[in-house]
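Residue numbers (this note's numbering): 7 to 540.
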C-alpha cells in the first residue's frame, strides 16, 4: 500500500515488478545518503558544494543505469513535472522565508526588490527577445510565441540555493544577504511571470493584451502575498490562543508544518503563485508563530524545516544528474548535435547579457539613492553580484519540465532540444560557475572588506531605529532643538524610516494580537537565536 500511495503522488516506477520497485526506491534513497556523506567529506574544501556532489553522483548513476539497461533508460524513478512544484519545491522556498535574516533583508529591501523584481523583468525581456531572434535561425523545431516568453521566465530564475552554498555568510555578509534576498524574490517573480504567460491570450497581440498581462502579473503577485500573510497570521493566532504546547509539542510542530504547506496548496488551488505565497508565509511564521510555541517546538521546527529543504535540494540535483543522460530526450538531437550545442550556447550567452543589463545599471541607480559611501556598490562588488547570480537550478528545471514535457516525456523535437539545453545550462552553470565563484569572491572581496561593510551598515541602520527620542537627545546633547521633518528623513533614508514606522505599528498592534518576541512567555536566553533576526 505504501508504494501505491507513492505512485499516486506522481511517482511511477519503471518496472511493474514489485521487487524491482522496492530495489529502485532503496537504491535512490541510498544515493541520497551517499550524497550527504560525500558532501560532508568535501565540506572543508568549500570548493565543491552539495549541489555539485549530487549532480556528479546523478550523472555517474545515470551512466551506469544506461549501460546496464543497454541504453533504454537512465532513471531509477520516473515522475511528471508537477512533482517538482507540489512536493519538492515548497520545503525549499518555505525554509528560505522561515530562515531569512529579516534585519539584513529589510535593510537592503529596496536594493533586493530592484534586483529581484525589476531586474528579473529586464532579464526576462532580453532573454525572450534574444531567444526568438536566435533560436528561430537555428531551426530547432516549431516553437510558439508562448514558448519563447516561457524561455525568458525559465532562464531568468537564478539558483540562490546553489549560490549561497558557495558563499560564506561570515566572509561576505552583505553580498550574502543581497544574493539570498534577490534569489528568493527572483524565483517568485519568475514563477509569477511564467504563470501569467500561461494565461495570456496570444491570438491578439496589442496594447490591451499587454495591459492584461501586466494586470495578471500584479494580481498574482499581490494576491499571493496577501494569502501568505493571511495564513501565516492565522497560524500565529491559533497557536497563541489555544496553546497546543500545554499538552503536546508534537501537535504544535504538526500544525506549523501543515499550515505552511496549506499556504502553498491553497495558492495552487486558486491559480496563484504557490512559491511566493509559501515564502511570505515563512517570513510571517518566523516573525510571529515561531515565538508562540514551546522551546522544544522552536528547536524542532527550525531543524525540521531545514532538513526537509536540504533533502529536497539533494533530491532535485540528483534526479537532474540522472535525467541529463535520458536517451529519449537526446534521441531527437543526436542527428544534429551542433544545434543543441548552439542553442545551449545562445541561451547561456543571453543569461550572461541579461544579468549584466540589469546588475550594473541598477547598481548605479542604487548608489544614487544611498547617501553613505559605505553602502554603495563598488565595481568589484558589482562584478561579484553579477557572477553570483549566473547559476541556474531547480526552479529553471521545474519550469522547463512544465512547459516542454508532458508527464516527463517529450514528443516534439523543439521541446526535446529545450529540455536538453536547460539540463546542459544547469549542469554547466552549477559546476563551472559554482567552482569559480569561491575563488572569485576571495579575489574581489577580501573577508575584511565584507566585515567592514557590515559594521558600517549596522551603524547607519541602527540610528533611525531608536524607538523613542531620548537616545537622540543624549547623542545631540540637547544642543539643537530643531529636528528634521519626517518627510526629509523619508527622502534621505526611505528603508530605515519605513522600517521604523513598521516596528512601532508592529509593537502596538500586531504583536499583542498575534504574538512575537516580547509578547509571549519565553526564556530570555532562548529568544535571541533561530528565526528572531529582525
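By construction, the Cβ of each residue, glycine as well, lies at the ideal position given by its N, Cα and C atoms.
Exposure of residue i, with buried meaning 16 or more beta-carbon neighbours within 10 Å
| i | result |
| --- | --- |
| residue 148 | exposed |
| residue 110 | buried |
| residue 212 | exposed |
| residue 454 | Note that residue 454 scores a pLDDT of 44, beneath 50, so its modelled location is shaky and nothing firm can be said. |
| residue 96 | buried |
| residue 256 | exposed |
| residue 385 | exposed |
| residue 76 | exposed |
| residue 507 | exposed |
| residue 379 | exposed |
| residue 214 | exposed |
| residue 511 | exposed |
| residue 150 | exposed |
| residue 142 | exposed |
| residue 202 | buried |
Range of the contiguous alpha helix (DSSP H) that encloses residue i
| i | result |
| --- | --- |
| residue 427 | 419-434 |
| residue 270 | 255-275 |
| residue 325 | 301-329 |
| residue 143 | 125-144 |
| residue 57 | 56-74 |
| residue 227 | 213-248 |
| residue 283 | 280-290 |
| residue 443 | 440-450 |
| residue 517 | 517-520 |
| residue 118 | 115-119 |
Cβ-based neighbour list, residue i, same chain, cut-off 8 Å, excluding 5 preceding and 5 following
| i | result |
| --- | --- |
| residue 403 | 90, 322, 326, 428, 429 and 432 |
| residue 153 | 409, 410, 420 and 424 |
| residue 486 | Low local confidence applies: a pLDDT of 45 at residue 486 is under 50, so the model's placement there is unreliable, and no value is given. |
| residue 44 | 59 and 63 |
Beta-carbon contacts of residue i that lie in its chain and below 6 Å, excluding the five residues immediately before and after
| i | result |
| --- | --- |
| residue 100 | 266, 284 and 288 |
| residue 269 | 234, 237, 283, 284 and 287 |
| residue 473 | Bear in mind that the predicted position of residue 473 carries a pLDDT of just 35, short of 50, making it unreliable; the figure below should be weighed with that in mind. No residues qualify anywhere along the chain. |
| residue 164 | 189, 192 and 395 |
| residue 405 | 160 and 200 |
| residue 476 | Unreliable placement is indicated for residue 476, whose pLDDT of 36 sits below 50; no coordinate value is reported for it. |
| residue 205 | 222 |
| residue 461 | A caution first: residue 461 carries a pLDDT of 36, below 50, which makes its placement in the model too unreliable to give a value. |
| residue 382 | 373 and 376 |
Reduced DSSP secondary structure (H/G/I, E/B, other) of residue i
| i | result |
| --- | --- |
| residue 384 | coil |
| residue 106 | coil |
| residue 46 | helix |
| residue 462 | Here residue 462 scores only 41 on pLDDT, less than 50, and its place in the model should not be relied on; the value that follows carries that caveat. In the structure shown, residue 462 sits in a helix (DSSP, three-state: H, G or I). |
| residue 397 | coil |
| residue 29 | helix |
| residue 195 | helix |
| residue 510 | helix |
| residue 163 | coil |
| residue 149 | coil |
| residue 297 | helix |
| residue 378 | coil |
| residue 390 | helix |
| residue 345 | helix |
| residue 209 | coil |
| residue 180 | helix |
| residue 523 | coil |
| residue 472 | Unreliable placement is indicated for residue 472, whose pLDDT of 33 sits below 50; no coordinate value is reported for it. |
Own chain partners of residue i with C-beta closer than 7 Å, once the 5 adjacent residues on each side are dropped
| i | result |
| --- | --- |
| residue 520 | 239, 242, 243, 246 and 294 |
| residue 345 | 144, 146, 339 and 423 |
| residue 69 | 331 |
| residue 138 | 154 |
| residue 389 | 450 |
beta-carbon residue i near the ligand PLP non-hydrogen atom, thresh 7 Å
| i | result |
| --- | --- |
| residue 199 | Ligands displayed in this structure: none; no statement on the ligand PLP is therefore possible. |
Test: residue i CB closer than 8 Å to a CB of chain C
| i | result |
| --- | --- |
| residue 263 | The structure shown contains no chain C; it holds only a single protein chain. |
Cβ contact check for the stretch 56-75 and the stretch 239-259: 3 or more pairs under 8 Å
The stretch 56-75, when compared against the stretch 239-259, does not touch it at the 8 Å Cβ threshold.
Three or more C-beta pairs closer than 8 Å, one from the stretch 118-131 and one from the stretch 191-210: is that the case here?
Taking a cut-off of 8 Å on C-beta distances, the stretch 118-131 touches the stretch 191-210, as three or more cross pairs fall below it.
Inspect the CB distances between the stretch 153-160 and the stretch 220-238 and report whether three or more fall short of 8 Å.
No: the two stretches stay apart, fewer than three of their Cβ pairs being nearer than 8 Å.
Taking contact to mean at least 3 C-beta pairs separated by less than 8 Å, is the stretch 122-140 in contact with the stretch 346-361?
Contact between the stretch 122-140 and the stretch 346-361 is present, because at least three Cβ pairs lie under 8 Å.
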